[in-house]
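Asks:
Number of protein chains: 2
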Amino acid sequence: MATGRRSPTLESVAAASGVSRQTVSNVINAPDRVAPPTRARVQSAIESLNYSPNRMARSLRTRASRAIGFCVPPAVPNRLNPVLDRFVHAIADAASARGFHVLLFTAPAGPAGLDGYAELMAQQAVDGFALSETVVNDERQAWLMERGIPFVAFGRTWNDDDSGAWVDVDGAAGVAAAVDHVHGLGHRRIAFLGWPRGSGVGDDRLGGYLAACERLGVPSLVARGTESMAEGHAMASRLLGGPEPPTALVCVSDTVALGALRAVARRNLAPGRDVAVVGFDDTPFAALPGFELTSLSQPIEEAGRTVVRMLLKHLERKGSRRGEAHEPGEPPATNVLLRPTLVIRSSTDPEASRLAR
Amino acid sequence: MATGRRSPTLESVAAASGVSRQTVSNVINAPDRVAPPTRARVQSAIESLNYSPNRMARSLRTRASRAIGFCVPPAVPNRLNPVLDRFVHAIADAASARGFHVLLFTAPAGPAGLDGYAELMAQQAVDGFALSETVVNDERQAWLMERGIPFVAFGRTWNDDDSGAWVDVDGAAGVAAAVDHVHGLGHRRIAFLGWPRGSGVGDDRLGGYLAACERLGVPSLVARGTESMAEGHAMASRLLGGPEPPTALVCVSDTVALGALRAVARRNLAPGRDVAVVGFDDTPFAALPGFELTSLSQPIEEAGRTVVRMLLKHLERKGSRRGEAHEPGEPPATNVLLRPTLVIRSSTDPEASRLAR
DNA sequence: ATATATTGTGCGACTAGGAGT
DNA sequence: CACTCCTAGTCGCACAATATA
């Protein structure tokens with residue numbers, strides 16, 4: 060006795076509505092198997108008792124936790140691009156909408172952290188994983204795949220063996236759109252300020268630039284430097300001081316673009332009027348007065364939703380093969396590329412800010 | 060038969076090491092109750108089978124999910140202060156270290172979202188909550204408290220009834236330190252650029268300013284405006300154009316401080332030399348070349364760790380009172396104030412940036 | 001009586017198969 | 001035989017109360 064005031068259970072609801080446990084279970088999981096009058100009676104009991112099924116008990120029985128694991132990468136200090144906030148919110152939201160939860164955990168980078176993933180699966184704490192911050196030669200995809208652990212990555216596997224499902228933003232298409240934009244404004248000498256060779260993302264964006272130049276029949280001019288305002292400033296200064304200076308600077312990131320903007324100002328040139336500057340990521344301060352940087356906005360929220368949708372589809376399929384039946388040719392590891400949106404501001408078009416207001 | 064290859068259970072380990080289930084359970088949960096030789100034998104079986112306890116089964120039995128719920132607030136577009144990234148990482152890390160997980164969920168703001176909290180508890184999906192983004196007249200604290208749901212908030216309950224445990228950053232102390240800093244540099248006319256009355260955080264920071272001025276015996280000069288660069292610019296321009304213009308501008312946020320910096324530059328005054336400017340939050344771009352803004356850095360990671368530590372302590376206490384025994388005077392709702400750190404850059408001290416390198 | 005290891009039992013929900021119309 | 005509902009057994013673990021030295 061004196062059991063405290065515990066949450067109602069299937070049994071309490073059954074007692075309250077004068078049916079058996081199983082009938083209550085059916086009302087919840089297979090309503091069409093219960094006669095309408097009974098169903099209504101049980102439903103009202105559920106509501107009046109404020110019953111909601113114990114997730115642990117359910118998971119124990121069904122062998123499915125209805126949770127998605129997400130490893131939060133260590134916060135990079137001074138990163139200007141708060142992409143994680145948005146992605147995390149998006150996956151949590153999308154998961155909630157389908158009765159799933161997102162389980163956060165941390166793990167050291169590299170192979171040492173992989174055990175964390177395996178352990179969560181062994182504990183049956185999650186049904187699969189959402190990955191982010193994928194890098195070139197990321198071990199996680201192949202490792203998870205070998206063990207048959209479901210996952211979907213935000214970011215391509217830049218490796219040759221394109222293993223696993225992923226969702227990514229089409230950097231090449233984005234940069235090409237930027238080149239088209241400044242070309243449409245009359246610019247013909249368009250330079251690209253990029254990162255050093257070897258980064259998947261950087262090479263992708265550069266590729267879009269080169270393709271667009273060729274398509275438009277304009278010469279290409281590429282500078283390379285690391286991700287910093289200082290390097291952006293240096294690259295832009297060098298190009299603008301050359302013999303035939305470019306009139307448009309398409310940059311691999313907002314950080315580089317900010318450096319470029321300062322270099323333009325230093326030469327007493329007007330950004331957007333004399334020299335067009337385009338960034339990538341549409342970071343918060345691109346919109347600030349004093350910058351007004353045209354930039355490519357990544358559809359992070361859509362990426363998050365898509366990751367969850369693909370993962371849940373994968374899980375459903377896996378869950379339905381009771382006796383390891385069929386498996387029609389190991390379902391294709393789908394890949395999705397999302398297009399970024401060009402947000403036009405005064406750094407390319409002085410009229411833009413006026414129009415926006 | 061053909062059970063597939065399921066994860067090992069207590070029973071498999073027991074069979075493999077020639078003991079009973081319960082002995083294996085003891086090896087895991089109360090090793091001192093098992094004789095060393097037996098313990099070693101079981102341990103090796105655990106390792107060779109790669110066994111790890113099923114979290115769902117354990118939770119079902121113990122009535123504790125060992126998970127902390129965290130409601131991810133909607134990502135504010137264009138927010139310059141990526142505080143959530145850091146906080147989320149910190150709580151996930153601190154929780155992991157003690158065998159807990161962080162469960163993410165989303166809920167609409169206001170009273171409508173409260174049910175989400177209750178449901179997670181009813182489902183036994185979490186043992187308690189970490190709150191963030193607390194606002195004035197936040198209903199959550201009182202609501203959770205009424206229902207006996209454990210929680211710790213990052214951010215004070217700005218209400219009068221100081222209900223529940225919280226961890227917060229001491230804005231008043233931070234601003235006071237900033238005033239001391241510029242006073243130490245010789246400034247005597249020090250102004251404060253704040254937010255409109257009524258925001259808990261803003262009033263707290265203003266309080267620190269007023270107290271410091273009184274203590275130092277310098278006059279106080281307060282301007283108020285909303286959180287934007289434009290308002291910061293306007294406030295600073297107005298003050299600098301006055302009869303006895305201030306030589307130091309202590310700002311309620313980095314955003315306001317950036318506006319102030321631009322206003323200083325517009326008047327051809329050198330930030331740090333002619334007019335000192337201090338921000339609050341130490342946002343990523345405060346460190347960028349071109350800004351070099353002195354600012355108050357919030358110990359977000361420590362706040363996250365503290366929130367988790369306090370919550371787990373609370374949970375332990377709750378878990379130990381089996382028959383709802385004792386409760387010695389309802390343990391005090393502890394409150395922790397952390398001091399922000401003043402990061403000195405050239406916006407107050409032109410030498411600072413040189414020293415830092 | 002003290003260490004140590006072993007059965008029973010139940011957490012709360014689902015699955016399977018059977019009983020009643 | 002359909003339709004509806006119910007009884008019995010199970011998931012993996014930990015608590016409680018026993019057996020064996």
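Chains as they are written, first to last, in the working numbering: chain A, 60 to 416; chain B, 60 to 416. A virtual CB, placed ideally from N, CA and C, is assigned to each residue, including glycine.
Return the chain-ordered list of same chain residues with a C-beta closer than 6 Å to the C-beta of B:Ser76, the five sequence neighbours on each side being excluded.
Replies: Around B:Ser76: Arg100, Val101 and Ala104.
Asks: Say whether chain B places a C-beta atom closer than 8 Å to the C-beta of A:His373.
Replies: It does not; no Cβ of chain B falls within 8 Å.
Asks: Return the chain-ordered list of same chain residues with a C-beta closer than 8 Å to the C-beta of B:Val93, the five sequence neighbours on each side being excluded.
Replies: Excluding residues within five positions, the ones whose Cβ falls inside 8 Å are Thr82, Asn85, Val86 and Val101.
Asks: Pick out whichever of B:Gly338, B:Leu143, B:Leu275 and B:Val309 has its Cα sitting closest to the Cα of B:Thr193.
Replies: Nearest of B:Gly338, B:Leu143, B:Leu275 and B:Val309 to B:Thr193, Cα basis: B:Leu143.
Asks: Could you check whether B:Leu190 and B:Ala212 sit closer than 8 Å to each other, using their CB atoms as the reference points?
Replies: A contact, by the Cβ cut-off of 8 Å.
Asks: Whole angstroms are fine: how far does the CA of B:Ala126 sit from the CA of B:Leu162?
Replies: One C-alpha to the other measures close to 6 Å.
Asks: Quick check on the DSSP output: what are the complete beta strand (DSSP E) runs of length 3 or more inside the region 103-174 of chain B, in order along the chain?
Replies: 126-130 and 160-164, all fully within the region 103-174 of chain B.
Asks: Going by beta-carbon coordinates alone, are B:Asp197 and B:Gly230 separated by less than 8 Å?
Replies: It is not a contact, given that the beta carbons lie outside the stated cut-off.
Asks: Throw me the rounded Cβ distance for the B:Gly172 and B:Phe339 pair, which I believe falls under 8 Å.
Replies: Actually they do not touch by this definition, with Cβ atoms about 28 Å apart.
Asks: Taking only beta-carbon atoms, is B:Asn113 less than 8 Å away from chain A?
Replies: For B:Asn113, the answer is yes, since a Cβ of chain A falls inside 8 Å of its Cβ.
Asks: Starting from the C-beta of B:Ser405, find all residues in its chain whose C-beta is less than 6 Å away, skip the five residues before and the five after it, and write them out in chain order.
Replies: Counting only Cβ-Cβ distances below 6 Å, and skipping sequence neighbours, we find Gly331, Glu351, Ala411 and Ser412.
Asks: Leaving out five residues before and five after B:Arg326 in sequence, what residues of the same chain have Cβ atoms less than 7 Å from its Cβ?
Replies: Leu299, listed in sequence order.
Asks: Which residues in the same chain have their Cβ closer than 7 Å to the Cβ of A:Ala151, if we skip the five residues on either side of it in sequence?
Replies: Val161, listed in sequence order.
Asks: Buried or exposed: B:Leu119, going by 16 or more other Cβ atoms within 10 Å of its Cβ?
Replies: Flag for B:Leu119 reads buried.
Asks: For my contact list, A:Ala8 and B:Arg274 are in at a C-beta cut-off of 8 Å; report their separation, rounded to the angstrom.
Replies: Past the boundaries of the shown model lies residue 8 of chain A; chain A is included only from 60 to 416, so the question cannot be answered.
Asks: Please list the partners that A:Ser107 has in chain B, where partner means a Cβ-to-Cβ separation under 9 Å.
Replies: Under the 9 Å cutoff, chain B gives no residues; its nearest Cβ is about 14 Å from A:Ser107.
Asks: What are the start and end residues of the beta strand (DSSP E) that includes A:Trp202?
Replies: Segment Arg199 to Glu205 is the alpha helix (DSSP H) holding A:Trp202; no beta strand (DSSP E) there.
Asks: Just by C-beta distance, which residues in the region 346-375 of chain B are closer than 9 Å to chain A?
Replies: Per Cβ criterion, the list reads Ala346, Leu347, Pro348, Gly349, Ile359 and Glu360.
Asks: State the Cα-Cα distance for the pair B:Gly378 and B:Lys372, rounded to the nearest angstrom.
Replies: Distance between the alpha carbons of B:Gly378 and B:Lys372 is about 10 Å.
Asks: Name, in chain order, the residues that DSSP records as bridge partners for A:Asp227.
Replies: Partner(s): A:Leu396.
Asks: For B:Thr97 and B:Ser66, what's the separation of their Cα atoms in angstroms?
Replies: For B:Thr97 and B:Ser66, the distance between alpha carbons rounds to 23 Å.
Asks: So that I know if they touch, is there some Cβ in chain A lying closer than 8 Å to that of B:Arg416?
Replies: Caution is warranted here: a pLDDT of 44 is assigned to B:Arg416, below 50, making its placement in the model unreliable, and the coordinate value is therefore given only provisionally. Not an interface residue.
Asks: Along the alpha helix (DSSP H) that carries B:Val323, what are the first and last residues, could you check?
Replies: Start and end: Asp313 to Arg325.
Asks: On the three-state DSSP scale, how would you describe B:Leu371?
Replies: Of the three classes helix, strand and coil, the one that applies to B:Leu371 here is helix, per DSSP.
Asks: I need the straight-line Cα distance from B:Ser287 to B:Gly318, nearest angstrom please.
Replies: Roughly 7 Å separates the two Cα atoms.
Asks: For chain B, is any of its Cβ atoms less than 8 Å away from the one on A:Ser258?
Replies: No, A:Ser258 does not count as interfacial toward chain B.
Asks: Below 8 Å between beta carbons: does that hold for A:Ala282 and A:Val238?
Replies: No, Cβ-Cβ distance for A:Ala282 and A:Val238 is not below 8 Å.
Asks: Report yes or no: do three or more beta-carbon pairs, one from the region 305-322 of chain A and one from the region 246-254 of chain A, lie closer than 8 Å?
Replies: Contact holds: three or more Cβ-Cβ distances are below 8 Å.
Asks: So with CB distances below 7 Å, who are the chain A contacts of B:Pro133?
Replies: What B:Pro133 touches in chain A: His148.
Asks: Give the straight-line distance between the Cα atoms of A:Glu178 and A:Gly169, rounded to the nearest whole angstrom.
Replies: So the two alpha carbons sit approximately 16 Å from each other.
Asks: Check for me: the beta strand (DSSP E) holding A:Ala94 runs from which residue to which?
Replies: Careful: A:Ala94 lies outside any beta strand (DSSP E) and carries neither H nor E.
Asks: Could you confirm whether any beta carbon from chain B is found closer than 8 Å to the beta carbon of A:Gln182?
Replies: Chain B contact via Cβ: present.
Asks: Smallest Cα separation from B:Gly128: which of B:Leu139, B:Val72, B:Thr407 and B:Gln182?
Replies: Looking at the Cα atoms, B:Gln182 is the closest of the given residues.
Asks: Inspect the beta-carbon positions of A:His292 and A:Ala324 and report whether they are closer than 8 Å.
Replies: In this structure, A:Ala324 does not lie closer than 8 Å to A:His292 by Cβ.
Asks: For the alpha helix (DSSP H) that B:Ser419 lies in, which residues bound it at each end?
Replies: Residue numbering for chain B in the displayed model covers 60 to 416; residue 419 of chain B lies beyond these limits and cannot be assessed.
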